[in-house]
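Protein chains: 2
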Amino acid sequence: MCPLPPGRRVTIHDVAARAGVSQPTASLVLSNHPRARVAVGTRQRVLDAATDLGYRPNVVARSLSQRRSYALGIIVPDIRNPFVADVVTGAERVAADAGYAVLLCDHSVRDAQKHLEVLLARQIDGVLLDAVGAAALSQQALAGVNVVLIDEPSDQWPGIATDALAAGELAARHLLELGHRDIAFIGPATDVHAFRMRERGFVRTLREAGVSLESDRWRRAPATVSGGRDAMRALLASTARPTATFCANDLMAIGAVKQCFTAGLELPRDLSVVGCDDIELARYVTPELTTISIPARELGARAARLLLQLIERSTHRVPTARPLPVRLVARASSGRVPSRSA
Amino acid sequence: MCPLPPGRRVTIHDVAARAGVSQPTASLVLSNHPRARVAVGTRQRVLDAATDLGYRPNVVARSLSQRRSYALGIIVPDIRNPFVADVVTGAERVAADAGYAVLLCDHSVRDAQKHLEVLLARQIDGVLLDAVGAAALSQQALAGVNVVLIDEPSDQWPGIATDALAAGELAARHLLELGHRDIAFIGPATDVHAFRMRERGFVRTLREAGVSLESDRWRRAPATVSGGRDAMRALLASTARPTATFCANDLMAIGAVKQCFTAGLELPRDLSVVGCDDIELARYVTPELTTISIPARELGARAARLLLQLIERSTHRVPTARPLPVRLVARASSGRVPSRSA
DNA sequence: TTGTAGGCGTTATCAA
DNA sequence: TTGATAACGCCTACAA
Chain A
1 MCPLPPGRRV TIHDVAARAG VSQPTASLVL SNHPRARVAV GTRQRVLDAA TDLGYRPNVV
61 ARSLSQRRSY ALGIIVPDIR NPFVADVVTG AERVAADAGY AVLLCDHSVR DAQKHLEVLL
121 ARQIDGVLLD AVGAAALSQQ ALAGVNVVLI DEPSDQWPGI ATDALAAGEL AARHLLELGH
181 RDIAFIGPAT DVHAFRMRER GFVRTLREAG VSLESDRWRR APATVSGGRD AMRALLASTA
241 RPTATFCAND LMAIGAVKQC FTAGLELPRD LSVVGCDDIE LARYVTPELT TISIPARELG
301 ARAARLLLQL IERSTHRVPT ARPLPVRLVA RASSGRVPSR SA
Chain R
1 MCPLPPGRRV TIHDVAARAG VSQPTASLVL SNHPRARVAV GTRQRVLDAA TDLGYRPNVV
61 ARSLSQRRSY ALGIIVPDIR NPFVADVVTG AERVAADAGY AVLLCDHSVR DAQKHLEVLL
121 ARQIDGVLLD AVGAAALSQQ ALAGVNVVLI DEPSDQWPGI ATDALAAGEL AARHLLELGH
181 RDIAFIGPAT DVHAFRMRER GFVRTLREAG VSLESDRWRR APATVSGGRD AMRALLASTA
241 RPTATFCAND LMAIGAVKQC FTAGLELPRD LSVVGCDDIE LARYVTPELT TISIPARELG
301 ARAARLLLQL IERSTHRVPT ARPLPVRLVA RASSGRVPSR SA
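Here the protein sequences line up with chains A and R, keeping their order. Just so we're aligned, residue 1 is where the first sequence starts under full-length UniProt numbering, counting upward by one. Just so we're aligned, residue 1 is where the second sequence starts under full-length UniProt numbering, counting upward by one.
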């Protein structure tokens, strides 16, 4: 039933020919335009022809003619971080539902500026920048596209952020309430806003409570499991042991917890550890990780939704959304400071 | 220095005009075609003009004209699985280096067939199918594209696989050598080839050693952390406790280990657990997970390389590559079967 | 309600 | 060595 032209793909011309209508008419029907007023018979003939021939529209051609690619780019630091994967999944679902494809750009594969160039050349309709300092990117490159920043507030571009400051505060308050005063912090040396704010909220809250963070208890390391492990090793080696430590994300915290175990410490008796993100695995390490829950899926989904609004111009002024709320999830890796009966 | 036409993007026409050459000539220069014989002066003028105007080629237009999009699709079961994320990262790097973009399609977002339709409409040059039964997809849809299967051998499509059978065998042999005879298996009910082979290799090796797997020690669950946890819970509740368990992937194993801990068991004294994949976190749970290491990055990278070869027609007959080797990584979650002094 | 004509930005094929 | 001219497949006027 399909006289498939050998090799050549079926185009809308073929459909039109088979239906005995002009090509634009076929286009009108197939793109089922709202204001397309086509006779019922004609429409049906076109649809039948399309089905018979197995017609599949060519999005590339459509993109060229409409100057819209129905594609988004998402630039992320590292998809192997479960938190990032969640953000991406959230965004992908929203995009897919709206008929957009997602081009994945991993910062660990090549730098963001390069990725951006590629995306622009592909005429993407918009780009999601996750934890990438937009300021670090070429302003000229960013000028032509719709941009939504994830977790990186800016008054130049719209974005969706989580309440990173509150995350740090919650961690600090939790530890203070448990009686801790000898406290350490482990986080990456970065200009990623969310990390800086987590740190700032944490440190400020401690300071307000009259607790200071000694400089040798302020550890910089990559935001990875091994980074957390190494930082904790250094921490335990170089200084009087703190009674509690806040890690800037769960991966670091998991590494830190592991290192404590290796060092023969028992948590939370000897040391309390608090993470941040609440990735699924936080519940599966031993002891279960106390952490700050950040709504990753929601973050990605909202960012994608905002970007789509921008693209479809359904939003002119950007609603400066409030940061997504975060919350403490107290589990077993943190506990009361032991009474110093020494 | 850039008289940017307001709004309109810079096209190759603009470049040609500024350089005082015809548009096709500009194209010849800019696409620096190997057989492009252009006068040095002309070439330079074109290049200068392009730089001055900040010209960026329109990949969409090029795709339409060349009938190649320089884009790949990758359909994966769930990017939140660290193993999958590794595969994707490996593929993305290879693709990016070759100038290809990657469209991420997550099976957990919508079904593979749908994803495939979208990819085809976008004229992708090829698709990577990770742990997706190609047999389940419309043959007609698959007919027009270059396809490479990841971990899903088929004599219809080329692919790269890991030695899943050996993975199961290694796990079994390891446990047998430790003296275990009361053994359980936890894995997903799936037709994903790699999972089936891991299971088959495991069960067969046990059988050859005269060890049988009781049916109530054969647990089905989703290949996730919570799946592993639930399966282990059921296992511990319903039957005389085995002395060892093999989980079809590390996520399940981590869930299982956790459940053992919750149930008050001590590993590996009370129970040995072996996982599969060797994701980074396997080293960070307590006790550190004994597992079978699968080269995820390499898997993704090779698959991408093969796909590119197919696309560029540099390979006509597909080299039936040997499966990637796997190896046992013995850590602390498995140990000698305790002497039954009961 | 439908068909004609033109354009989207490139690359490819020819003459000149 | 270069410049017309024609695709590529679709969409959007506008005219019939």
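Just so you know, even glycine gets a beta-carbon here, dropped at the ideal spot from N, CA and C. No experiment lies behind these values; they were computed from the predicted model shown.
Provide the residue(s) that pair with residue i in DSSP beta bridges, ordered along the chain.
{"i": "residue 218 of chain R", "result": "R:185"}
{"i": "residue 105 of chain A", "result": "A:75"}
{"i": "residue 227 of chain R", "result": "Residue 227 of chain R is not bridged to any residue."}
{"i": "residue 190 of chain A", "result": "In DSSP, residue 190 of chain A forms no bridge with anything."}
{"i": "residue 276 of chain R", "result": "R:292"}
{"i": "residue 159 of chain A", "result": "A:149"}
{"i": "residue 324 of chain R", "result": "R:162"}
Taking residue i as the query, report the chain A residues whose CB atoms sit under 7 Å from its CB, ordered along the chain.
{"i": "residue 69 of chain R", "result": "60"}
Tell me where the beta strand (DSSP E) around residue i begins and ends.
{"i": "residue 291 of chain A", "result": "291-293"}
{"i": "residue 327 of chain A", "result": "327-329"}
{"i": "residue 244 of chain R", "result": "244-247"}
{"i": "residue 150 of chain R", "result": "146-150"}
{"i": "residue 130 of chain A", "result": "126-130"}
Along chain R, which residues have their Cβ under 7 Å away from the Cβ of residue i?
{"i": "residue 64 of chain A", "result": "60, 61 and 64"}
{"i": "residue 57 of chain A", "result": "121"}
{"i": "residue 104 of chain A", "result": "92, 102 and 104"}
Alpha helix (DSSP H) containing residue i: first to last residue?
{"i": "residue 47 of chain R", "result": "40-53"}
{"i": "residue 257 of chain A", "result": "250-262"}
{"i": "residue 94 of chain A", "result": "82-97"}
{"i": "residue 69 of chain A", "result": "Here residue 69 of chain A belongs to no alpha helix (DSSP H), and DSSP marks it neither H nor E."}
{"i": "residue 116 of chain R", "result": "112-121"}
{"i": "residue 268 of chain A", "result": "Taken as a continuous stretch (DSSP letters only), residue 268 of chain A belongs to no alpha helix (DSSP H), as it is neither H nor E."}
{"i": "residue 337 of chain R", "result": "That residue, residue 337 of chain R, is in no alpha helix (DSSP H); it is neither H nor E in DSSP."}
{"i": "residue 27 of chain R", "result": "23-30"}
{"i": "residue 15 of chain A", "result": "12-19"}
{"i": "residue 142 of chain A", "result": "139-143"}
Taking Cβ-Cβ distances shorter than 9 Å, what residues in chain A pair up with residue i?
{"i": "residue 300 of chain R", "result": "Those within 9 Å of residue 300 of chain R in chain A number zero; the least Cβ separation is about 11 Å."}
{"i": "residue 20 of chain R", "result": "Within 9 Å Cβ-Cβ: nothing; residue 20 of chain R doesn't reach chain A, min ~25 Å."}
In chain R, which residues lie with their C-beta within 9 Å of the C-beta of residue i?
{"i": "residue 225 of chain A", "result": "280, 281, 283 and 284"}
Which bits of chain R does residue i rub up against, with CB to CB less than 8 Å?
{"i": "residue 261 of chain A", "result": "286"}
For the segment 109-136 of chain R, list every residue whose C-beta sits within 7 Å of some C-beta in chain A, in sequence order.
For the segment 109-136 of chain R, the residues whose beta carbon sits under 7 Å from a beta carbon of chain A are, in order, 109, 110, 118, 120, 121, 122 and 123.
Can you list, in chain order, the residues of the segment 265-291 of chain R whose Cβ is nearer than 7 Å to any Cβ on chain A?
Under the 7 Å Cβ criterion, the segment 265-291 of chain R contributes 280, 281, 284, 285 and 286.
Taking any Cβ of chain A, which residues in the segment 73-102 of chain R have a Cβ under 7 Å from it, in chain order?
Here the close residues are 79, 80, 82, 85, 86, 88, 89, 92, 93, 96, 101 and 102.
With three or more beta-carbon pairs closer than 8 Å as the criterion, would you say the segment 328-340 of chain A touches the segment 10-18 of chain R?
Between the segment 328-340 of chain A and the segment 10-18 of chain R there are fewer than three inter-stretch CB-CB distances shorter than 8 Å, so the stretches are not counted as touching.
Under 8 Å, CB to CB, which of the residues in the segment 164-177 of chain A have a partner in chain R?
If the cut-off is 8 Å between Cβ atoms, the segment 164-177 of chain A has nothing near chain R.
Can you list, in chain order, the residues of the segment 243-257 of chain A whose Cβ is nearer than 9 Å to any Cβ on chain R?
The residues in question are 251, 254, 255 and 257.
Pair every Cβ in the segment 178-190 of chain R with every Cβ in the segment 225-238 of chain R, then say whether three or more of these pairs are closer than 8 Å.
Contact between the segment 178-190 of chain R and the segment 225-238 of chain R is established, with three or more Cβ pairs separated by less than 8 Å.
Can we say the segment 156-168 of chain R touches the segment 196-215 of chain R, given the rule of at least three CB pairs closer than 8 Å?
Touching, per the Cβ criterion.
Can you give me, in chain order, the residues of the segment 137-158 of chain R that have a beta carbon less than 8 Å from any beta carbon in chain A?
Listed by position, the residues of the segment 137-158 of chain R near chain A (Cβ gap below 8 Å) are 140 and 144.
Using a Cβ cut-off of 9 Å, which residues of the segment 42-57 of chain A contact any Cβ in chain R, in chain order?
Hits within the stretch, in order: 54, 56 and 57.
Do the segment 34-50 of chain A and the segment 242-258 of chain A meet, that is, are 3 or more Cβ pairs less than 8 Å apart?
Here the segment 34-50 of chain A makes no contact with the segment 242-258 of chain A; the two share fewer than three CB pairs at distances below 8 Å.
Using a Cβ distance threshold of 8 Å, determine whether the segment 79-94 of chain A contacts the segment 95-102 of chain R, with at least three qualifying pairs required.
A contact between stretches requires three or more CB pairs, one per stretch, nearer than 8 Å, and the segment 79-94 of chain A fails this requirement with the segment 95-102 of chain R.
Would you call the segment 72-86 of chain R in contact with the segment 83-90 of chain A, where contact means no fewer than 3 C-beta pairs closer than 8 Å?
Yes: at least three Cβ pairs fall under 8 Å.
The segment 64-75 of chain R touching the segment 56-64 of chain A, judged by at least three CB pairs closer than 8 Å
Yes, the segment 64-75 of chain R touches the segment 56-64 of chain A.
Counting Cβ pairs closer than 8 Å, one from the segment 293-313 of chain A and one from the segment 146-153 of chain A, do we hit at least three?
In short, these stretches touch, since the Cβ pair count reaches three.
Taking three-plus beta-carbon pairs below 8 Å as touching, is the segment 201-214 of chain A in contact with the segment 325-332 of chain A?
Taking a cut-off of 8 Å for Cβ pairs, the segment 201-214 of chain A and the segment 325-332 of chain A do not touch, as fewer than three such pairs fall below it.
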